[in-house]
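Novice:
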Amino acid sequence: MFSRKNILTNKIELSERELLLLEGKRKQLLKQLEKKGIKDKNVLNAIGKIPRHLFFDLRNTVYDKEKNKLISQGISVMLDYVYEDKALPIGFGQTISHPYTVAFQTQALSIKPGDKVLEVGTGSGYQTAVLLEMGAEVYSIERIEELHLRSKELLKFLEYTNFHLKHGDGYAGWPEYAPFDKIIVTAAAPYLPEKLLFQLKEGGKMIIPVESENKQTQDMLLFTRDKNNTFVKQKLGDFQFVPMLYNKE
């Protein structure tokens, strides 16, 4: 069960009954992810430990399922959805990704303890937490200042330490700390940002959703940098993400 320190959800204290309900939903989620092809036990263990409900601002909000947006007044309705395998709004036109998408991208990168990982698009901080739980050192960039500050506060609250957050433009990457073992992009790029590729170490991997020809979905692409300073590309499927935008807010 979640420890006492995890009971506070943005200053709302959950009852023991609500915590038990969430724990059950979280276990159900792990079973769903396994059925969908997530086999990496380290990924599943990380997702199983992280209180996803803390990554939403639940104060005075309710989730409207039909409109897929938050509306005022209440907490109980949102708690019904936080462990379902779906993307949910976190404000500012952004979402927290489907747990399956988080697990899929993380599994594809084969994260190892000690990996130096660049994350483009901190968002709620949930993907960041998964990487940290797996033992990575995470450098994460977020263009929206409020989300940057919120995720920083929450990760500290959860007592993670091995992370570095930046309010900035993800297209530029973080060259001061390059090269990275792994790079994960959590928003849909209209084209492949080559600056990011060249911040990979030799043998490093980058996963990124890039707009497909139909303009409706994105190709999930995995790049591996080889010894000859070239990149091997694999397409891993079709996904849908919020757009990767320029500059910071």
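Using our numbering, the letters of the sequence shown map in sequence onto residues 32 to 280. By construction, the Cβ of each residue, glycine as well, lies at the ideal position given by its N, Cα and C atoms.
1) Output the distance between the C-alpha atoms of F127 and G156, rounded to the nearest integer angstrom.
2) Is it the case that the CB of I78 approaches a heavy atom of the ligand COA more closely than 7 Å?
3) For A77, name the three-state secondary structure that DSSP assigns.
4) Which value, in whole angstroms, describes the spacing of the CA atoms of P274 and L52?
5) Among all the DSSP beta bridges, which residues are the ones paired with Y309?
6) Which same chain residues end up closer than 6 Å to P240 when comparing Cβ atoms and leaving out the 5 residues on each side of it in sequence?
7) Output needed for D146: all residues of its chain with C-beta closer than 6 Å, excluding positions within five of it in sequence on either side, in chain order.
8) In chain order, what residues of the same chain lie with their CB nearer than 7 Å to the CB of H84, ignoring the 5 residues before and after it?
9) Could you work out which residue in S243, R174 and W205 is closest to Q125 when comparing CA atoms only?
10) Which residue wins for smallest C-alpha separation from H129, given the options N260, D200 and L60?
11) Under the three-state reduction of DSSP, which class applies to G201: helix, strand or coil?
12) Quick check on H195 - is its C-beta less than 8 Å from some C-beta in chain D?
13) Does DSSP put F135 in a helix, in a strand, or in coil?
14) Could you tell me which of L189, T217 and S46 sits nearest to F135, measuring between CA atoms?
15) So is F188 buried or exposed if we call it buried at 16+ other beta carbons inside 10 Å?
16) Leaving out five residues on either side along the sequence, give the residues of the same chain with a beta carbon under 8 Å from the beta carbon of L223.
17) Give me the Cα-Cα distance between Y131 and N259, rounded to the nearest whole angstrom.
18) Who pairs with A220 in a beta bridge, going by DSSP?
19) Please look up how many angstroms separate the CB atoms of V350 and T137, rounded, as I've assumed it's under 8 Å.
20) For R256, count neighbouring C-beta atoms within 10 Å of its own C-beta (all shown protein chains included) and say buried if the count is 16 or more, exposed if not.
21) For V263, count neighbouring Cβ atoms within 10 angstroms of its own Cβ and tell me buried if that reaches 16, exposed if not.
22) Among the residues of its own chain, which have a CB less than 7 Å from the CB of T159, if the five just before and after it don't count?
23) With a cut-off of 8 Å on the beta carbons, I'd call K232 and A203 a contact; round off their distance for me.
Specialist: According to the structure shown:
1) Residue identity differs from the one stated: residue 127 is Ile in this sequence, not Phe. I127 and G156: Cα-Cα distance of roughly 9 Å.
2) Of the ligands one can find in the structure shown there are none, so the ligand COA has no counterpart to examine.
3) helix
4) 33 Å
5) Since the first and last residues shown for the chain are 32 and 280, residue 309 lies out of range.
6) Answer for P240: A219, Q249, M251, F270 and F272, listed in chain order.
7) A167, D212 and K213
8) T40, L53, L110 and V113
9) Considering only alpha carbons, the answer is R174.
10) L60
11) helix
12) No chain D is part of this structure, which consists of one protein chain only.
13) helix
14) T217
15) exposed
16) I239, V241 and L252
17) Cα to Cα, the separation comes out at about 34 Å.
18) V241
19) As displayed, the chain neither begins before 32 nor continues past 280, which places residue 350 out of reach and without an answer.
20) buried
21) exposed
22) E150, T153, V169, S171, S182, L186 and F194
23) Wrong, their Cβ atoms sit about 18 Å apart, outside the cutoff.
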